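Chemist: Encoded as structure tokens, here's the structure I'll be asking about.
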Amino acid sequence: MGKVFDEEIMTLKSDFMKLGALVSQAVANAGHAFIDHDTKAADTVITNDHEINHLQIHIEKRSFEMIALYQPVTGDLREVVGILKAVTDLERAGDHARNIARSTISIKGEERIPEVETIIAAMAKEVSQQYNESIDSYGEADEKKAKQTAQQYDQKIDQLYDDIAAPSYQAMAKHPDIVNSAIIYLNVAKDLGRISDYSTNICEWTVYLATGKIIELN
Amino acid sequence: MLNSNNPTDRFIYHFNPEETTITMQTKNLEVYYGKTLAMQHADIQFKQNTITALIGPSGSGKSTFLRSLNRMNDDVATVKGQILYQGVDINQPKIDVYEVRRRIGMVFQRPNPFAKSIYGNITFALERRGIHDKRVLDEVVEKTLKQAAVWDQVKDNLHKSALSLSGGQAQRVCIARALAVQPDVLLLDEPASALDPVSTQQLEQTLRELKQDYTIIIVTHNMQQAARLSDYTVFFNLGEAIEYNKTRKVFTRPKIELTDDYVSGNFG
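Listed in order, the protein sequences are those of chains A and B. Mind the numbering: the first sequence is residues 1 to 218 in UniProt numbering, read in order. Mind the numbering: the second sequence is residues 1 to 268 in UniProt numbering, read in order.
Here's what the structure looks like:
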């Protein structure tokens with residue numbers, strides 16, 4: 001397209017990767033905060049979500065401007081449209097990290113189930129890794145890596161969700177005192193599951209960026 | 001690898017003739033200026049009632065190709081190969097070149113109205129063919145100016161000089177003039193390059209409407225115009241057709257890297 005466009009797309013992509021890193025931090029920190037019962041760290045995740053939202057809006061505005069000003073086609077169009085679509089997935093993954101942080105605050109003082117929290121820790125770790133690999137695949141426009149990442153984590157994450165849900169329901173049935181905590185565990189597992197889904201979406205946008213094909217992974 | 005970067009590769013879309021009406025088709029076309037081969041490897045089928053855009057850098061052969069289609073290169077170049085119009089090879093000495101140009105009309109880059117009235121521009125060719133019935137001529141003038149979407153603007157001034165028209169109006173009068181002889185195919189060589197954005201938009205709308213009745217082939221340097229106006233696009237480079245496909249494919253996922261570079265503006 002020309003030098004100006006190339007420079008602008010570099011800036012846009014660098015902003016996108018910056019947002020990717022912010023959300024990555026939010027996902028990792030939200031998981032740690034929940035497991036460590038660290039409400040202060042959870043507060044930081046909630047506060048930082050504003051920065052994520054602002055950056056998302058900025059990236060969207062720049063993408064619209066670039067389409068209007070340069071009317072890109074083929075690979076250039078995919079660069080802009082890929083970011084425009086994937087940025088929503090990043091922001092939503094960030095929202096779910098914020099939800100987990102809120103759950104950290106709500107569960108304060110409630111009775112815990114340590115076995116379930118151990119599995120939540122494992123799920124948070126997997127989801128965080130999956131997210132990071134998805135973002136890396138996008139940054140490198142690596143179609144193969146994107147497909148591998150989506151496939152590698154899909155069943156594992158589903159299984160971990162079931163491993164959290166089953167004991168949570170059982171605990172609720174047996175001990176009414178634990179209902180609040182169990183509901184929060186289910187919510188956190190659901191939030192982690194959604195972050196995993198958004199990571200898969202990012203992988204789908206990587207495939208689009210690299211090949212122009214819009215596909216459904218998993 | 002998304003698209004081919006082998007320099008000898010090309011992608012030329014071929015219609016299934018059983019499912020598609022092909023108005024024009026070129027086969028093994030070669031155009032020589034003197035002894036210099038200016039254009040080759042352009043076996044293109046033009047589908048009826050579509051707009052096909054010819055794009056490519058200056059000197060890529062697209063205008064040479066366009067002008068060959070109605071034998072306008074006869075005096076300046078040697079054209080070898082077949083140009084099939086409704087199945088008949090019109091690139092034959094025995095073919096009446098004026099009849100070819102009646103059926104395959106041409107509109108040029110700069111509006112070139114004759115130094116006559118608007119009315120006289122439209123009726124010129126018909127009168128030369130011996131049609132003088134005013135009622136018939138009036139009908140043709142109204143019909144073609146309406147088809148070219150300029151009737152409302154000129155209907156009260158039909159006997160004013162066509163040279164007094166604005167660029168956009170003059171270009172549409174030239175289209176009406178081409179339509180007056182009832183062609184099947186309309187060739188346009190950068191018809192909007194001398195027009196302002198409003199006139200360009202009106203001209204494009206006119207062409208979209210004319211597509212219902214004509215097969216349109218247009219040379220344009222304006223990528224966005226090719227993208228928004230045409231159904232099919234041919235990309236020319238160094239005197240050869242490199243890629244021919246549906247426009248939406250050429251501008252989203254071209255098969256050949258050279259096309260990709262050109263339509264995205266990566267000339268480095």
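We treat Cβ as the ideally placed atom computed from N, Cα and C, and that holds for glycine. This structure is a prediction, so every number in the text was calculated from the model and none was measured.
1. Does residue 9 of chain B have its Cβ less than 8 Å from a Cβ in chain A?
2. Are residue 51 of chain B and residue 195 of chain B closer than 8 Å when you measure CB to CB?
3. Against residue 234 of chain B, what residues of chain A qualify as contacts under a CB-to-CB distance less than 7 Å, listed in chain order?
4. Which residues bound the beta strand (DSSP E) around residue 45 of chain B?
5. Skipping 5 residues on each side, what residues in its chain have a beta carbon closer than 7 Å to that of residue 68 of chain B?
6. Which residues in chain B have a C-beta closer than 7 Å to the C-beta of residue 75 of chain A? List them in chain order.
7. Would you mind telling me which residues of chain B sit closer than 8 Å to residue 72 of chain A, beta carbon to beta carbon, in chain order?
8. For residue 125 of chain B versus residue 163 of chain B, is the C-beta distance shorter than 8 Å?
9. Mind listing the chain A neighbours of residue 224 of chain B? Cutoff is C-beta to C-beta under 7 Å, in chain order.
10. Closer than 9 Å by beta-carbon distance: list the chain A residues that pair up with residue 53 of chain B, in chain order.
11. Scan the stretch 103–142 of chain B and note each continuous beta strand (DSSP E) run of 3 residues or more that stays entirely inside, going in chain order.
12. Go through its chain and collect everything with a Cβ distance to residue 258 of chain B's Cβ below 7 Å, but skip five positions before and after it.
13. How is the alpha helix (DSSP H) around residue 99 of chain A delimited, first residue to last?
14. Can you give the Cα-Cα distance for residue 239 of chain B and residue 170 of chain B, rounded to whole angstroms?
15. Could you pull out every residue in the same chain whose Cβ sits closer than 8 Å to the Cβ of residue 184 of chain A, ignoring the five residues on either side in sequence?
16. Counting only C-beta atoms, is residue 125 of chain B closer than 8 Å to chain A at any point?
17. Which ranges does the alpha helix (DSSP H) cover as unbroken runs of at least 4 residues, wholly within the stretch 225–258 of chain B, from first to last along the chain?
18. For the beta strand (DSSP E) holding residue 140 of chain A, just list the boundary residues, first then last.
19. May I have a chain-ordered list of the beta strand (DSSP E) segments no shorter than 3 residues that lie completely inside the stretch 10–85 of chain B?
20. If you measure from the beta carbon of residue 176 of chain B to each beta carbon in chain A, is any gap under 8 Å?
21. Closest to residue 210 of chain A by C-alpha separation, out of B:253, B:265 and B:71, would be which residue?
22. Quick test of the definition: if touching needs 3 or more C-beta pairs under 8 Å, does the stretch 62–77 of chain A touch the stretch 30–48 of chain A?
Modeler: On the basis of the supplied data:
1. Stepping through the second sequence from its first residue, residue 9 of chain B is reached at position 9. Put simply, the CB of residue 9 of chain B is far from chain A, with every gap to its CB atoms at 8 Å or more.
2. For this step, residue 51 of chain B is matched to residue 51 along the second sequence. For this step, residue 195 of chain B is matched to residue 195 along the second sequence. Contact: no.
3. Here residue 234 of chain B refers to the residue found at position 234 when the second sequence is read from its first residue. The contact set of residue 234 of chain B on chain A, defined by CB atoms closer than 7 Å, is empty, because the minimum CB distance reaches about 16 Å.
4. Here residue 45 of chain B corresponds to residue number 45 of the second sequence, with the count starting at 1. For residue 45 of chain B, the enclosing beta strand (DSSP E) covers residues 45–47.
5. Reading the second sequence from its first residue, position 68 is the one you call residue 68 of chain B. Short of 7 Å from the beta carbon of residue 68 of chain B, and not among the five residues preceding or following it, lie these beta carbons of its own chain, in chain order: 29, 31, 79 and 83.
6. Counted from its first residue, the first sequence places residue 75 of chain A at position 75. What residue 75 of chain A touches in chain B: 260 and 264.
7. The residue given as residue 72 of chain A occupies position 72 in the first sequence. Simply 264.
8. Translated into the one-based positions of the second sequence, residue 125 of chain B becomes position 125. Translated into the one-based positions of the second sequence, residue 163 of chain B becomes position 163. The answer is no: Cβ separation not under 8 Å.
9. Start at 1 with the first residue of the second sequence, and residue 224 of chain B comes out as number 224. Taking the beta carbon of residue 224 of chain B as reference, the chain A residues within 7 Å of it are 71, listed in sequence order.
10. Numbered from 1 along the second sequence, position 53 holds the residue referred to as residue 53 of chain B. The premise fails here: residue 53 of chain B is roughly 13 Å from chain A at the closest Cβ pair, so nothing lies under 9 Å.
11. For the stretch 103–142 of chain B, whole beta strand (DSSP E) runs of length 3 or above, ordered along the chain, are 104–107.
12. On the second sequence, position 258 is the one that residue 258 of chain B refers to. Excluding residues within five positions, the ones whose Cβ falls inside 7 Å are 237 and 242.
13. Mapped onto the first sequence, residue 99 of chain A falls at position 99. It spans 74–106 - the alpha helix (DSSP H) in which residue 99 of chain A sits, taken as one unbroken run.
14. Translated into positions along the second sequence, residue 239 of chain B becomes position 239. Translated into positions along the second sequence, residue 170 of chain B becomes position 170. C-alpha of residue 239 of chain B to C-alpha of residue 170 of chain B: approximately 31 Å in a straight line.
15. Start at 1 with the first residue of the first sequence, and residue 184 of chain A comes out as number 184. For residue 184 of chain A, where only same-chain residues beyond five positions count, the Cβ hits under 8 Å are 103, 106, 107 and 110.
16. Your numbering for residue 125 of chain B matches position 125 in the second sequence. It does not; no Cβ of chain A falls within 8 Å.
17. Here the runs fully enclosed are 247–250.
18. Here the question's residue 140 of chain A lines up with position 140 in the first sequence. If you look at residue 140 of chain A, you'll find it isn't in any beta strand (DSSP E); DSSP assigns it neither H nor E.
19. Counting only runs of at least 3 residues, the stretch 10–85 of chain B fully encloses the following beta strand (DSSP E) elements, listed from N- to C-terminal order: 22–33, 36–39, 45–47, 51–55 and 78–85.
20. Mapped onto the second sequence, residue 176 of chain B falls at position 176. By the rule that beta-carbons nearer than 8 Å mark a contact, residue 176 of chain B does not touch chain A.
21. One-based indexing of the first sequence puts residue 210 of chain A at position 210. It is B:253.
22. At 8 Å Cβ cutoff, the stretches do not touch.
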